[in-house]
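Throughout the sequence shown, residue numbering follows full-length UniProt numbering, covering 1 to 287 in sequence.
See structure below.
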Amino acid sequence: MTEGTNSWLHAARVGLRRGGLEIRHTFTSSQDLWNYFFPSAILLVVMFFMRGAAVPGIDFSLGSRTLPGVLGMNIAFGGMVTLMMALALEREDGTLLRAKAVPNGMVGYLIGKIVLIMGMTLTSMAIVLVPSLFMLEGLALTSVTAWLTLAWVMVLGLIATLPLGAICGSLFTNPRNAGVIMLPVMGLVAISGIFYPISSFPEWLQGVAQIFPIYWLGLGMRSAMLPDQLAAVEIGESWRHLETVGVLSAWAVAGLVLAPWVLRRMARRESGSSVAQRRERALQRTT
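Printed below as a string of structure tokens:
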């Protein structure tokens, strides 16, 4: 192997090891444990009270129908929002500058973050999914095919959304400003059929929702977890697996092409003086 290849492989191994250590650290941090359990508990309470309501036109629990969409939403949040906030915060405190100073350090840094976010996403999904299997009726996770569908939707969803999080995180020098991205993300959640069938929305709004990954993540998760007759309330009365793969793959390809370029531009602008200026501004805000 060439020296460059060995350097990349070493950076990848460092990133995998760092990601594993950071995941384990989240299980020992009271704040991280709170972030795992508190939002999950709220979602479980919401679905518990929704279980008595029925999906319009079909005698099926609205709570059971909502669960897959919630899991898809969590994947999107993990990919986009968590990575975006991590990049913005660690750009301000100098972590990215230190990674830049090491050969292929940015590669190791990003691999570590990807491993961390995938681990956190799986943990959050398990916290919601396991109690829901006992609390909600009608879920169809009873075959190997269903679990395989759940797996490929989750993996493809993360590949589609993680580059978006990296791009958005690279655009903000102040992590507090990064919070503005939450407004459009929450708007997309509202129109993507997470809590209510999208087929009841105006057609133009359905078209807008179908441009973005959140809708397709929710649809893919519903196809894995719900009986086939529930496809009747979806657009086209179908789970549309080919379209799900196509749209999520398109976002993944676009993100993987753009993210490295955006991250390289961000890394080139990082310097000790820029980090010092951001720290000084942060101190001024707290005093």
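All C-beta atoms in this analysis are idealised placements derived from N, C-alpha and C, irrespective of residue type, glycine included.
Just so you know, these numbers come straight off a predicted model, no measurement behind them.
Quick check on the burial criterion: 16 or more other C-beta atoms within 10 angstroms. Buried or exposed for residue i?
i    : result
G79  : buried
S200 : exposed
P227 : exposed
L242 : exposed
T149 : buried
M47  : buried
N6   : exposed
L21  : exposed
L133 : exposed
V180 : exposed
L9   : exposed
R91  : buried
Which residue comes first and which comes last in the alpha helix (DSSP H) that contains residue i?
i    : result
Y196 : No alpha helix (DSSP H) contains Y196, which DSSP labels as neither H nor E.
D32  : 30-50
I220 : The sequence given here has Gly at residue 220, not Ile. G220 -> alpha helix (DSSP H) spans 213-225.
Q229 : Looking at the DSSP string, Q229 is not in any alpha helix (DSSP H), and its letter there is neither H nor E.
T123 : 105-135
L164 : 144-170
S64  : 62-77
G57  : Here G57 belongs to no alpha helix (DSSP H), and DSSP marks it neither H nor E.
G207 : 203-209
A86  : 83-92
L139 : Here L139 belongs to no alpha helix (DSSP H), and DSSP marks it neither H nor E.
Among residues of its own chain, excluding the 5 on either side of residue i, which ones have a beta-carbon nearer than 8 Å to its beta-carbon?
i    : result
V144 : none
I58  : Q229, L230, A232, V233
S61  : M50, R51, G52, A53, A54, V55, L136, E137, G138
Can you name, in chain order, every residue of its own chain whose Cβ lies under 6 Å from the Cβ of residue i, other than the five neighbours on each side?
i    : result
T82  : I117
G108 : A11, V14, G15
T26  : D32
I194 : G69, M73, G218
I191 : L205, A209
W239 : S223, A231
Give the C-beta separation of residue i and residue j to the nearest angstrom, bearing in mind that I take them to be a contact with Cβ-Cβ under 8 Å.
i    : j    : result
G72  : G218 : 4 Å
A259 : L96  : Wrong, their Cβ atoms sit about 14 Å apart, outside the cutoff.
L156 : A252 : 7 Å
M106 : L263 : 7 Å
L110 : G15  : 7 Å
G19  : G112 : 4 Å
P184 : L44  : Incorrect: roughly 26 Å between the Cβ atoms, too far for contact.
M154 : I75  : 6 Å
Leaving out five residues before and five after residue i in sequence, what residues of the same chain have Cβ atoms less than 7 Å from its Cβ?
i    : result
V216 : Contrary to the premise, residue 216 reads as Trp rather than Val in this sequence. For W216, where only same-chain residues beyond five positions count, the Cβ hits under 7 Å are T244, V247, L248.
Worksheet item: Is the segment 110-125 close to the segment 205-222, with three or more CB pairs under 8 Å?
Response: no
Discussion item. Measuring CB atoms only, is the segment 84-95 touching the segment 164-172, in the sense that at least three cross pairs come out at less than 8 Å?
Written reply: yes
Worksheet item: For the segment 27-37 against the segment 121-140, are there 3 or more C-beta pairs whose distance is under 8 Å?
Response: yes
Worksheet item: Counting Cβ pairs closer than 8 Å, one from the segment 220-234 and one from the segment 159-169, do we hit at least three?
Response: no
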